[in-house]
Structure formats: structure tokens, C-alpha cells
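Here's the structure we're looking at; comments come further down.
Quick look at the structure:
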């Protein structure tokens with residue numbers, strides 16, 4: 001694509017600085033989930049006594065203190081002995097969650113609480129699990145009262161009960177509250193932006209495990225206690241606390257509190273300032289192991305009556321109190337567990353917390369996914385093929401099931417094309433990091449073809465071109481290293497990855513280039529195409545996420561790069577969306593880079609070929625924007641005004657985020673508008689899964 005220069009955000013904190021995420025992020029999927037990621041169905045209604053086995057995620061059991069036999073309960077297994085039901089409405093969710101009998105309840109839609117702040121009173125023996133990433137509870141949450149036990153809450157997003165008052169004394173709107181409950185497992189959820197607590201474990205609740213959750217954008221985040229009795233046993237492991245002010249957690253009068261492999265981050269350049277991190281209060285006995293504290297104020301504090309035993313923790317750019325003392329307990333006297341290395345924790349959790357796309361996804365309970373055929377590629381000859389393209393060529397035309405092309409670590413300088421008659425292909429690096437396996441080439445739009453038939457053009461310059469539906473790329477780097485400085489005489493649009501297909505899933509990849517890095521296209525203007533990218537990096541400078549596909553960039557890092565001559569100037573997106581379709585959505589991500597302040601636009605409208613019927617769309621929401629983003633982040637292109645198309649933001653953070661209310665130069669979505677611009681709205685009936 002041509003560079004034309006060549007031819008109600010509410011703020012709640014006093015300070016602002018920029019967030020960065022290390023490029024060497026551990027590949028998604030390297031951490032252990034156990035056996036609970038089965039690809040069985042959300043819509044199955046089979047009971048545990050049926051001839052077919054229940055899905056693995058429906059029969060998963062808790063670890064930590066929730067696994068300990070106590071109070072007449074043998075571990076925590078939720079509703080595995082009951083039917084599996086799928087709910088899409090508040091009425092159905094409440095009906096099954098409050099029922100006396102056990103249920104596995106699969107939430108397969110965004111459910112808005114009515115009234116705002118409503119907390120469904122969950123009964124015992126329940127598993128409430130999100131279907132892929134589509135299960136969302138908005139404006140309320142769950143309450144587990146006295147005696148409620150054996151409850152699992154997994155894979156959900158629970159969000160946005162916030163009422164506009166940061167230290168809110170009037171609205172007790174929690175994501176998950178327990179008053180006297182026991183044997184509860186809270187796992188792989190995204191909890192954020194509530195009026196009060198994200199998790200409150202109160203009034204002698206015990207045998208609780210909280211694992212692999214993201215807790216963010218909140219004041220009073222995670223409180224434990226509210227009683228003088230010393231009975232609570234709780235395990236808190238592999239959780240990412242990000243931009244949370246206090247109670248991270250605050251643990252009062254807990255008999256045994258075991259915290260390990262958590263990541264507490266107060267990111268520079270954001271609007272929420274931490275007051276304290278892990279707090280041991282009253283007569284709590286706390287063991288704190290292999291956790292990582294980044295930028296936190298008062299990262300570890302204790303009362304004189306409480307105990308904290310610290311082992312193997314890391315503190316980076318923290319300040320204030322960091323305390324330990326007293327005697328605690330040996331967690332291995334209660335249950336077994338394995339510690340991850342502290343240095344690995346930030347990358348591990350950034351890749352692994354929150355809802356997973358392959359838990360609770362719809363299929364039938366009687367069917368497992370067919371085993372995939374695997375082809376191996378190794379440049380040194382130790383695989384079946386030496387090049388990635390040779391492996392693609394070996395995939396039979398119109399293959400009915402998945403073929404995984406496993407590529408050993410190395411640099412593969414080649415062009416790769418997956419033609420439209422070879423669906424269900426996965427190209428996956430087999431190394432420990434996405435940087436270990438790289439597919440790279442250096443064609444540009446103006447590069448002459450070897451046969452003398454002209455130049456490649458923008459789309460034709462792609463290092464990897466995907467024209468087949470249901471394609472996946474995982475754990476690798478796709479790059480275009482065209483040298484603009486050395487070739488100023490030719491057009492420098494140089495695509496790393498072009499997709500022109502539907503249901504393209506990019507998970508744990510790096511896509512790197514300069515101008516026009518990632519082209520998300522469709523097979524033709526009249527055909528839709530969807531792309532979902534997560535846990536990934538995109539690197540570029542000019543229009544480097546562009547095209548007419550419906551594309552979601554989720555939980556990823558967009559890295560801004562200086563241009564060939566060292567200047568800072570560029571555009572993140574250039575959508576060419578067909579009218580009536582969704583365009584580009586950037587959500588829950590970070591936009592930063594080593595470039596000058598206020599030099600990059602978030603986007604501009606690409607009316608490809610001067611087509612006035614197009615209706616380009618980019619939405620950027622719940623994303624951290626560095627100071628590189630211009631205060632007026634949208635601009636015109638080739639005579640078309642961005643104001644005639646669809647460009648908006650919602651709830652962004654950081655030095656580059658909007659500082660006031662919506663304006664004609666910087667439109668912000670209302671809460672009502674944002675409710676219809678979620679990831680699931682973009683993907684429709686498709687839930688990406690491995």
C-alpha cells in the first residue's frame with residue numbers, strides 16, 4: 001500500500017509514564033495446564049453416568065488448598081457429576097447457577113447484569129466456565145454464601161461494574177465474593193474494572209485456590225479476611241496483578257496463605273498507582289515464593305502480629321516496604337506443587353493468564369478432534385523436508401483434517417504460500433521461543449520478478465502468503481527484511497504476512513517488517529475473512545496492519561519502529577473495510593516502541609483503488625498507548641477523510657491515551673457502543689482453538 005507522503009476516557013491517577021513488554025516473551029503454550037484442555041463440547045447435555053466420557057475441562061479438579069479434603073468435601077471438582085448446559089442469557093445463567101443439583105454451566109455469550117451490580121447467588125456443586133473467549137459477565141458477578149462449597153469459576157471475563165468513583169464506598173459490586181464458602185477454584189479468568197473487589201474471600205471462607213487469572217484496572221482488588229477467626233486456607237498462584245492499587249491481596253487472619261509464581265506489575269506511564277502489594281495482616285501465616293514484583297510501591301508488607309516467609313522472589317524498580325519475618329508453614333505438608341523459575345514468571349503469565357480459547361468450546365461430547373498429521377521441517381536435513389514450502393506442497397489438495405507443519409529452530413530464507421485448496425494447515429515452530437524459528441525474505445512491491453514480468457506489487461511481496469481457510473501459525477517469527485535504505489529507487493511496501501482467508505488464527509508469533517508488515521485481506525471483496533491474533537508481536541512503521549479483513553489483535557504488543565532514515569513518523573493501521581463488515585480491532589494490548597513522542601497515528605482510511613463504497617474501521621480499546629501516539633490519532637488518506645469512516649477508542653491507558661471526553665478529533669465509544677465492539681462481536685460464530 002502506498003505511503004502518501006511518498007507520492008469517555010476517565011482518568012483515575014495522578015501520574016503517567018510508558019509500559020514496555022520484553023520481546024523475548026516465552027511462547028504461549030509452554031506452561032502446563034494438566035489434562036483439562038480437551039476439545040469437547042459446551043453444548044453436550046450428557047450426565048456423568050452416560051456412556052461417553054465428560055469433556056476434560058468439565059471434569060478438571062483444583063490444585064492447592066482447594067484440593068485438600070476438609071469439612072466433609074473431598075477436593076474441588078465443581079459440577080462434574082451433573083449435566084452440562086450452555087447459557088447465553090442472564091435468566092438461564094441464574095437458573096442453573098442457583099439450582100440445587102450439580103451443573104457444568106458453559107457461558108457462551110456476553111451477559112449483561114440487570115440491575116448493574118447484581119451478584120448471582122451460586123449454589124454448591126457448580127462449574128461455571130466460559131466457552132472459549134466468548135463467556136463474559138458485564139456489570140456484576142457471583143456471590144457464594146455461607147456453606148456453599150465445591151464451586152469452580154473458570155475461563156470467564158467479568159468486568160465493568162465500575163460506577164465512576166475510584167474509592168467507591170457506596171457500591172459493593174464485586175466480580176466474585178465469598179462469605180463463608182469453602183472449596184472454591186477460581187482459574188483462568190480476566191477480572192477487571194469493578195466498583196469494589198475483583199475477588200473478596202470473606203468471613204471464614206476456606207480451601208480456596210486462585211490460579212492463572214488476570215486482575216487489572218481496579219482499586220480494592222483482592223481482599224481476604226473480615227473476621228477475627230484464623231481458619232482460611234488459600235493458595236494464590238500464577239496470577240497477573242496489573243494496574244491495581246491496593247489489596248494485591250490483603251490477607252487478614254489467614255491460617256495458611258500460600259502465594260507463589262505471581263506477577264505484580266505497576267507499569268510506568270499508566271493511570272493507576274499501587275499503594276502496596278502482598279500484605280500479611282492480623283495473625284496470617286504467609287509463604288511467598290518465586291513471585292515477580294515490577295514497579296510496585298511497598299511490594300511486601302506485614303503487621304507485627306503476622307508472618308511472611310519469602311523465598312526466591314524478584315523485585316525490579318520497587319520502592320518502600322519489603323518485609324518478612326515470623327514462622328509460617330510448609331505448603332508441601334498439605335499438597336504437592338511445582339515452582340516455575342522466578343525469571344520466567346512475567347513472560348509465562350503474560351502468555352498464559354485469562355480465558356483460553358480451547359476451554360469449553362463447542363463440539364459434541366461424543367467426539368474428539370481427529371489426530372493431526374504432522375510433517376517436520378529442518379534446514380539441516382534432520383526432518384522430512386528442508387523447507388517450509390516443500391512441506392506445504394506435500395499437503396494433499398482439499399485435505400479434510402488438520403496438518404501440522406512442525407518447523408525446527410533455524411532461519412528459513414524462503415517464500416511460503418499456502419494455496420486455497422489446502423485448508424486446516426498449522427505452521428508451528430518447535431523451539432522454546434517464537435524467536436527460535438524464523439521465516440524471512442526481502443521482496444518489496446517494487447522488486448523486479450526474476451522472469452522479467454514486472455514487479456511483485458504489495459500483496460505479492462509477502463514472505464508468507466495464506467489463501468487457505470482455517471490456517472494457524474504458532475511459536476515462530478515471520479519477517480520481511482527488505483532494505484529500504486539501500487533501495488530507495490523502488491517502492492518499499494514489503495509485506496511479511498498476507499492472509500486472504502477465513503478463520504486465520506495467529507498465536508504466539510512475531511510478524512516483523514517496516515512498511516505494510518501485516519496484510520489482513522480476503523479472497524475477494526465479496527468474501528468475508530476473519531483473523532484472530534493473540535499473545536503476539538507486530539513490528540513496523542507505516543500502515544503496518546492493513547487490509548479489508550475482519551481482524552482482531554488481542555493481548556499482543558504492537559511495536560513502533562523508526563523509518564529507514566532514522567526518523568519517527570508512521571501509521572499503525574490502514575483498514576479498507578467493506579461497508580457492513582467489521583474492520584480492525586486492537587484490544588487488551590500495548591502500543592509502544594523506541595520512537596519520538598507524538599509521531600505515530602493510530603490509523604487512516606485506505607480506500608483501495610479509490611473505492612468510495614468502502615467504510616474503513618479501526619477500534620482501539622482497553623489498550624496501553626505510549627507517548628508516541630499523536631494527540632489527534634487519526635488522519636486522512638488519499639483524499640478520503642477519516643471522519644467519514646469508523647475510527648474510535650475506548651478505555652485506553654498510558655501517556656498516549658485520550659485525556660478528556662470525546663471530541664470530533666478523538667471519538668470515544670460510549671459504554672453502550674463498546675458493548676457491541678467486543679472480540680466476540682468481531683469473530684461471530686467462530687471461537688479460535690488449537
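In our numbering, the protein residues as written are 1 to 690. Virtual Cβ for every residue (Gly too), placed ideally from N, Cα, C. This one's a predicted model, so the numbers in the text were calculated from it and none came from an experiment.
Outcome for residue i when other beta-carbon atoms lying within 10 angstroms are tallied against a minimum of 16
i: residue 576; result: buried
i: residue 678; result: buried
i: residue 514; result: buried
i: residue 130; result: buried
i: residue 259; result: buried
i: residue 690; result: buried
i: residue 397; result: exposed
i: residue 617; result: buried
i: residue 649; result: buried
i: residue 339; result: exposed
i: residue 660; result: exposed
i: residue 124; result: buried
i: residue 165; result: exposed
i: residue 518; result: buried
i: residue 58; result: buried
i: residue 331; result: buried
Chain-order list of residues whose beta-carbon lies under 7 angstroms from that of residue i (same chain, five-residue window excluded)
i: residue 153; result: 128, 142, 176, 186 and 189
i: residue 694; result: This structure leaves residue 694 out entirely; the chain is present only between 1 and 690.
i: residue 61; result: 67, 75, 76 and 77
i: residue 379; result: 386, 410 and 412
i: residue 216; result: 192, 242, 243 and 244
i: residue 277; result: 248, 264, 293, 296, 298, 299 and 300
i: residue 53; result: The predicted position of residue 53 is uncertain, since its pLDDT is 47 and thus under 50; no value can be drawn from it.
i: residue 167; result: 219
i: residue 261; result: 237, 238, 290, 291, 339, 340 and 345
i: residue 635; result: 601, 604 and 642
i: residue 665; result: 632
Cβ-based neighbour list, residue i, same chain, cut-off 8 angstroms, excluding 5 preceding and 5 following
i: residue 652; result: 9, 620, 621, 622, 623, 624, 625 and 658
i: residue 607; result: 576, 614, 616, 637, 638 and 640
i: residue 535; result: 25, 28, 350, 351, 507, 508, 555 and 556
i: residue 327; result: 285, 307 and 309
Backbone CA spacing between residue i and residue j [nearest angstrom]
i: residue 163; j: residue 675; result: 16 angstroms
i: residue 204; j: residue 283; result: 14 angstroms
i: residue 292; j: residue 114; result: 38 angstroms
i: residue 691; j: residue 321; result: Here the chain covers residues 1 to 690 and nothing more, so residue 691 does not appear.
i: residue 482; j: residue 355; result: 37 angstroms
i: residue 587; j: residue 485; result: 33 angstroms
i: residue 137; j: residue 158; result: 5 angstroms
i: residue 546; j: residue 564; result: 20 angstroms
i: residue 65; j: residue 555; result: 30 angstroms
i: residue 269; j: residue 669; result: 22 angstroms
i: residue 455; j: residue 390; result: 24 angstroms
i: residue 109; j: residue 156; result: 10 angstroms
i: residue 178; j: residue 304; result: 27 angstroms
i: residue 680; j: residue 272; result: 28 angstroms
i: residue 82; j: residue 103; result: 5 angstroms
Whole-angstrom C-beta distance between residue j and residue i, which should lie under 8 angstroms
i: residue 295; j: residue 342; result: About 16 angstroms; that fails the 8 angstroms criterion.
i: residue 146; j: residue 180; result: 4 angstroms
i: residue 628; j: residue 599; result: 6 angstroms
i: residue 323; j: residue 302; result: 5 angstroms
i: residue 230; j: residue 253; result: 5 angstroms
i: residue 202; j: residue 225; result: 7 angstroms
i: residue 437; j: residue 373; result: With 8 angstroms as the limit, residue 437 and residue 373 do not qualify as a contact, their Cβ atoms being about 19 angstroms apart.
i: residue 349; j: residue 263; result: 5 angstroms
i: residue 496; j: residue 511; result: 5 angstroms
i: residue 280; j: residue 306; result: 4 angstroms
i: residue 405; j: residue 426; result: 7 angstroms
i: residue 358; j: residue 429; result: About 19 angstroms; that fails the 8 angstroms criterion.
Spatial neighbours of residue i in its chain, beta-carbon cut-off 6 angstroms, leaving aside the 5 residues before and after
i: residue 682; result: 550, 552, 582 and 585
i: residue 120; result: 94, 97 and 142
i: residue 172; result: 196
i: residue 662; result: 668
i: residue 457; result: 445
Contact test: residue i Cβ vs the ligand PLP heavy atom, cutoff 7 angstroms
i: residue 93; result: No copy of the ligand PLP appears in this structure; indeed no ligand is present at all.
Min CB distance residue i to chain D below 8 angstroms
i: residue 284; result: No chain D is part of this structure, which consists of one protein chain only.
>> Assess contact between the stretch 560–575 and the stretch 595–611, defined as three or more Cβ pairs (one per stretch) separated by less than 8 angstroms. Is contact present?
In response: yes
> Quick one: any contact between the stretch 498–507 and the stretch 525–539, if contact means 3 or more CB pairs under 8 angstroms?
Replying inline: yes
>> Does the contact criterion of 3 or more C-beta pairs under 8 angstroms hold for the stretch 444–452 versus the stretch 483–490?
In response: Counting C-beta pairs with one atom in each stretch, the stretch 444–452 and the stretch 483–490 have three or more that are closer than 8 angstroms, which means they touch.
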